[in-house]
Each structure stands twice: as structure tokens, then as C-alpha cells.
Amino acid sequence: MSKPFIVVCDGMDKSVFEDLKAQDGLEVHPKAKLTQEEIKELLPKINGLVIRSATKPNKEFIDQAPNLKYIIRAGEGTDNIDKAYCQEKGIKVSNTPGANNNSAAEHAMALIMTVLRKTAQANSSMKSGKWEKSQFTGNELWKKTVGIMGFGRIGQILCKRLQGFEPNVLFFDPGVKESPFPYAKKVETLEELFSQSDIVSIHTPLLEATKGVVNSELMSKMKPDAILVNAARGKIVNEDDLYTTLKEGKIKGAGFDVFANEPLEENSKLTELENIVLTPHLGGSTEEAQFRVGEMAAAQMVDFFVNDKLHNEVKA
Ligand code: MLT
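Numbering (my numbering), first residue to last: 60 to 375.
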């Protein structure tokens, strides 16, 4: 009997990938990162897929993969997978919950500090031979009010990591009944969160209920010198409204790691703005997180095909 054919599409920690390839019960494609054209060619014979955010198993993709049984999203968010269609076709979907959460929270932290202290702009200025000290006066984080939108695993890690700065932490999350920490206060509405915070950091998943909720109306409630950070999902924020809010100086700045369309279009209006710092979806991109995510994905793949066990299933 032929072994299940596994393709790792969007990259994986090298040592974990070598271990996966050495597995007796599986046939693993020799490359850990493939172009979308290469993936397309392999689709008819794939049984198991490991993806990150670049590969998007939508209806058209799935229809070309009649032997696909299992997709693992090596990471947290599964919004790039048409889970309802997978369910219809009997394809199981899992993620690797928690494995990259610390990295995502630390990246939000990095964006907060970068925006407050203008270090990214100062770095570009210095590398163009300038010394524009007076242009880069920043703000402290110490004792500021930080509003965390979404208080799941990542939001809570951010809250803990922030503590050295002695902030007031507010959070909004209808799914969390009581604050798990004495130093974080739950607010009942997004309007309260946005109007009372000096820094708002977004950490909700992308769901129908969260799509586009951060729009001009909500951002208009923010303090004029507040900053907005998004290391969750781009589509939670209306990007046209964000552009106008920043362009008109209605808030002080923003740090964004995620975008409605990724990769961000080369001519995106956001790149024209001085008061936003942009990073290319780096939240989970640390060596440590890649290792943990890869290890978990590989173990889940082996368990599914060799031991008939399904872990961390995500349903539509
Ligand atoms: C995730 O959903 O796991 C994060 O956004 C990180 C990533 O996609 O690499």
C-alpha cells in the first residue's frame, strides 16, 4: 500500500522537516517551501498539507485535490482555509494552537514601542545620512492606558509582558466573563476601549463579527494622541478608514503587521504615510515559534495518518 503523500507548502523549521521526512509511515515531498504553481501540480496526489498563511485552500484549490484528507495550518489563524467546504468534502483541518502566541504578543509589543519612540523612522533617516534628532521626540509607555481588543491567549500574553511598564490595562472580549488578572479591567463596549486607551492593540481572530469593526466611526472615538496596533488580522480594520484617520492626523500613529490583502499591494496608500510603521506579517516569524509550530504540525500529521488520531480540529 502506498504511503500518505504529504506536502509542506510555506516553509517549516529545518530540523523538524528533516524529522518529518525521516518518518517511516509517510512520503514527504523533499521541498519544505513550494511555489503556488508547484503546489497546483501536486494537488491531485496530495493526502496531507501543511500550510502557513501564503497557501489559501479555497473551493477551487480543494476541487483540484480529490485525495486530500487533512490540512494543518502551522500557526493560529485558519481564515485562509475554506473550512466549510473542507467539512463538506470530509477534509479535516487543524491548527497548532498556542505554539506561536508568545511571538505574536512580543511583535505587538515591538510595534507599540516602535511607534511610540519612532525608531523605525529614525533608522531610515539616519541611513540616509541625516541626524534629525528633534524630529523624533517620542512618548513613554510607562503608566499609559493600553486597551487590548480580544483577550484570548495572545491578548493575555501581551497583558502579562506589558506589566513592567506599569500600565493601566483595559480589555474588551465578550467571550471572557471576568478578568483573569487583577491588573486588567474588562470594559463592556469597543467604544469604551477605544475612547479610554492611549494604545489600542488588536488581538481578535477574523470572524464575520470582527470583519471591518475597526472603522472610521470607532477610530473617531480614540484620543488624538493615541496609537493603534494590529498584529491580528488585516480585515478587522477598514484600511480606507485607517488611511484617512492617519492622513488627517486624527490619531497619532499606528503599527500594522497584517493587511486586508497580503502581500500588501506595492502601491498601497498606507506606504505613503509617515505615521504608520508596517511589517510584513512577522507576528509568528521567530525561530522559536517556527520550531514549536513545526514540531506540533509534524506530530499532528504523523498521529493523523499513522496513529489514526486527530488533534486540534478546527471546524467552520
Ligand atoms: C498565525 O495566525 O499563526 C499568525 O498570524 C502567524 C502566521 O501566520 O505566521
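Beta carbons: idealized from backbone N, C-alpha and C, even for Gly.
The structure presented is a predicted model; accordingly, all values stated were derived computationally and were not measured.
query                                                                                                                                                 : result
Could you give the distance in angstroms between the alpha-carbon of E135 and the alpha-carbon of K186?                                               : 36 Å
First and last residue of the alpha helix (DSSP H) that includes Y144?                                                                                : 142-148
Counting C-beta neighbours from all protein chains within 10 Å, is the total for T155 16 or more, i.e. buried, or is it exposed?                      : buried
Got a sec: does ligand 1 put a non-hydrogen atom nearer than 7 Å to the Cβ of E251?                                                                   : no
Quick check on DSSP: helix, strand or coil for L229?                                                                                                  : strand
Write down the C-beta distance between C218 and F240 rounded to the nearest angstrom, noting that I regard them as a contact closer than 8 Å.         : 6 Å
V317 lies in the beta strand (DSSP E); which residues open and close that run?                                                                        : Segment: none, V317 is in no beta strand (DSSP E) and carries neither H nor E.
Checking 8 Å against the spacing of the C-beta atoms, do D316 and T338 come in under that value?                                                      : yes
Does ligand 1 have a heavy atom nearer than 7 Å to the CB of G136?                                                                                    : yes
Give the straight-line distance between the Cα atoms of D78 and D299, rounded to the nearest whole angstrom.                                          : 45 Å
Indicate whether the contact test is met: 3 or more Cβ pairs, each with one atom in the region 93-111 and one in the region 225-243, closer than 8 Å. : no
If you compare alpha carbons, which of K177, I65, P233, M281 is closest to V87?                                                                       : I65
Check whether the Cβ of H340 sits closer than 7 Å to any heavy atom of ligand 1, and report yes or no.                                                : yes
Hey, which unbroken runs of the alpha helix (DSSP H) at 4 residues or more fall wholly within the region 109-165?                                     : 118-122, 142-148
How would you call N117, buried or exposed, if buried means at least 16 neighbouring beta carbons within 10 angstroms?                                : exposed
What are the boundary residues of the alpha helix (DSSP H) that V75 is part of?                                                                       : 73-80
Nearer than 7 Å: is that true of the beta carbon of S153 relative to any heavy atom of ligand 1?                                                      : no
Terminal residues of the continuous alpha helix (DSSP H) containing K186?                                                                             : 178-186
Candidates V273, A143, V205, I216: which alpha carbon is nearest V246's?                                                                              : V205
Could you check where the beta strand (DSSP E) with K245 kicks off and where it finishes?                                                             : 243-245
In the DSSP output, which residue or residues are listed as bridge partners for K92?                                                                  : D69
Between G70 and K92, is the Cβ-Cβ spacing less than 8 Å?                                                                                              : yes
Excluding sequence positions up to five away, which residues of its chain have a Cβ less than 8 Å from the Cβ of A81?                                 : none
Can you find a heavy atom of ligand 1 that lies under 7 Å from the Cβ of G343?                                                                        : yes
Examine ligand 1 and report whether any of its heavy atoms sits within less than 7 Å of the Cβ of S112.                                               : yes
Determine which residues share a DSSP beta bridge with L46 and list them.                                                                             : No answer is possible for residue 46: it lies beyond the span of the chain, which begins at 60 and ends at 375.
Are the region 256-268 and the region 291-306 in contact at 8 Å, needing three or more beta carbon pairs?                                             : yes
Pick out the complete beta strand (DSSP E) segments inside the region 191-215, 3 residues or longer, and give them in chain order.                    : 204-208
Classify I105 as helix, strand or coil using the three-state DSSP reduction.                                                                          : coil
What is the C-beta distance between A124 and L102, in whole angstroms, given that I count them as a contact (C-beta under 8 Å)?                       : 4 Å
Less than 8 Å separating the beta-carbons of V373 and T137?                                                                                           : yes
Near K62, which residues of its chain fall below 7 Å by C-beta distance, leaving aside the five closest residues on each side in sequence?            : G84, L85, E86
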